[in-house]
Structure formats: structure tokens, C-alpha cells
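Worksheet: one structure, shown below.
In this note's numbering, the protein residues as written are 55 to 200.
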């Protein structure tokens, strides 16, 4: 008879341990919601207008009279610029939106909160019962084999 009782008790302990293990596998998951993230990209474009080989000419003629002589002085000035640059700048802003996952935790309803509280107390009570049962089995085995 004692062998059958031992088998029943160990079977009961196995069932309770299995139920506890299955209960520990449950959990909550965080929900990820994609939130747009904006990036501003500043773009500066410049165009360079180039005028090659420019020539500017100026000519001066001076006349003056000294006595009965008329003096003519011709002066020719050449300005030569090989390259003339003119730069136009255009600034623009490009806005780019990128979706980034952001974790959002949902608030528990009253029923879910109650289940959490009762579950916490139930796990505590069940832990005490399991520890008591293990202690009882150890004491029973010590008394039996003394």
C-alpha cells in the first residue's frame, strides 16, 4: 500500500510541477508602432558662369598746343581677362521621413489587472504549498527509513 501512495503523491507532484511550468511560459509582448522620423537635408547648388578670354579696350587721345605746335598723344590700353567667374548659389531643404519602430506599452484593463494580482497571490500560495509538500515528503522519507 505504501508503494501505491508514493506513486500517487509523486504523480501529483509531477502534475503540479507541469502546471506551474506551463503557467510560467505565458507572458506579455510589447507592441511596436512605426513612428515617422523626419530628417532635413540641406542642399546647396551652385552654378558657375564663366566668360573666357574677355578683352576690354580703352583709347585716350590727348591734344595740347605749345606755341605753334600741336601735340597729339594716343594711348591705347588693353585689359585682358582670361576667365571671369560668376557663381550663383541656390539653397534648398529636402525633408525625408523614415518610419522607425517605437515600442508602445498598452495599459491593462481592470480585468487584466485583477488577474495579475490574483495570479501573483496564487503563485505565492502555490509556492508555499509546494515547498510544504516537499518538506513533508522529506520528513516522511526520513521517518520511514530510520
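By construction, the Cβ of each residue, glycine as well, lies at the ideal position given by its N, Cα and C atoms.
Residue 190: member of the alpha helix (DSSP H) spanning 164-198, first to last residue. For a cut-off of 8 angstroms, the C-beta gap from residue 117 to residue 125 is around 7 angstroms, short enough to register as a contact. For residue 113, the CB contacts under 6 angstroms within the same chain, skipping 5 residues up- and downstream, are 130 in chain order. Residue 98 is positioned such that its CB atom lies no closer than 8 angstroms to that of residue 156. The beta carbon of residue 192 sits closer than 6 angstroms to no other beta carbon from its chain once the five residues preceding and following it are set aside.
Annotation: residue 122 is outside any alpha helix (DSSP H) and is labelled neither H nor E by DSSP. Annotation for residue 181: no residue places its beta carbon closer than 7 angstroms to its own, counting only its chain and skipping 5 residues before and after. Straight-line spacing of the CA atoms in residue 154 and residue 145 works out to 28 angstroms.
Rounded to the nearest whole angstrom, the CA to CA distance from residue 197 to residue 174 is 35 angstroms.
Cβ-Cβ separation between residue 149 and residue 92: approximately 6 angstroms, consistent with a contact (criterion under 8 angstroms).
In this structure, the alpha-carbon of residue 94 lies about 59 angstroms from that of residue 70. Secondary structure note for residue 56: its alpha helix (DSSP H) is the uninterrupted segment 56-78.
In this structure, the CA atom of residue 132 is about 32 angstroms from the CA atom of residue 100.
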